[in-house]
Amino acid sequence: MSDSLVSVKEVNKTYKRGGETLVVLDSLNLEVPKGDFLALMGPSGSGKTTLLNLIGGLDTPTSGSVEVDGEKLDSLNSRALSKWRASHVGFVFQFYNLLPVLTAFRNVELPLLLTKLSSSQRKEHVETAL
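Structure follows, in structure tokens:
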């Protein structure tokens with residue numbers, strides 16, 4: 013069993029814009045051991061969000077491999093990746109968008125509706141979070 017929580021190997025991520033190819037990550041390698049604390053820092057446009065999206069399963073690499081706690085994310089299809097994300101990932105965004113027509117309780121509960129939690133379990137989770 014690996015001592016790494018996150019393993020990123022030779023990851024490339026490119027985007028097409030018209031006829032242009034934009035290289036965001038170029039042969040990136042990163043190992044994050046279990047129990048470590050990591051801060052990603054860098055100027056705007058340096059690929060921080062792209063890397064987080066790959067590690068969190070929100071996006072897939074153009075090439076290379078991304079493994080989180082033994083799960084090879086780059087080999088999962090979109091359905092399996094969505095299921096993995098729902099049970100293993102939580103993002104706290106710098107800019108959040110709450111739905112103004114919902115109460116704070118309902119805004120927090122909204123992503124939990126995509127899980128198999130019962131109503132009482134969701135209520136407990138929301139009350140703990142608030």
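Note that my numbering numbers the sequence shown so that position 130 is 142, with each residue one more than the last. Every residue, glycine too, gets a C-beta built ideally from N, C-alpha and C.
Query, Result
"Per DSSP, the bridge partner or partners of tyrosine 27", "Leu34"
"Unbroken stretches of the alpha helix (DSSP H), 4 residues or longer, contained in the region 44 to 114", "60 to 67, 90 to 100"
"Spatial distance of glycine 30 from valine 138 (CA atoms)", "44 Å"
"For leucine 50, the nearest candidate out of Ile67, Arg118, Tyr27 (CA to CA)", "Ile67"
"Chain-order list of residues whose beta-carbon lies under 8 Å from that of tyrosine 27 (same chain, five-residue window excluded)", "Thr33, Leu34, Val36"
"According to DSSP, residues forming a beta bridge with serine 19", "Glu43, Glu79"
"Residue nearest to glycine 69 in terms of C-alpha spacing, selected from Gly57, Pro55, Val113, Trp96", "Trp96"
"Contact the region 107 to 120 vs the region 82 to 92: 3+ CB pairs below 8 Å", "no"
"Spatially closest choice to lysine 21 from Ser14, Asp15, Leu42, Val80, by CA coordinates", "Leu42"
"Length of the line joining the Cα atoms of threonine 72 and threonine 61", "13 Å"
"Own chain partners of leucine 142 with C-beta closer than 8 Å, once the 5 adjacent residues on each side are dropped", "Ala116, Phe117, Val120"
"N- and C-terminal bounds of the alpha helix (DSSP H) containing threonine 140", "131 to 141"
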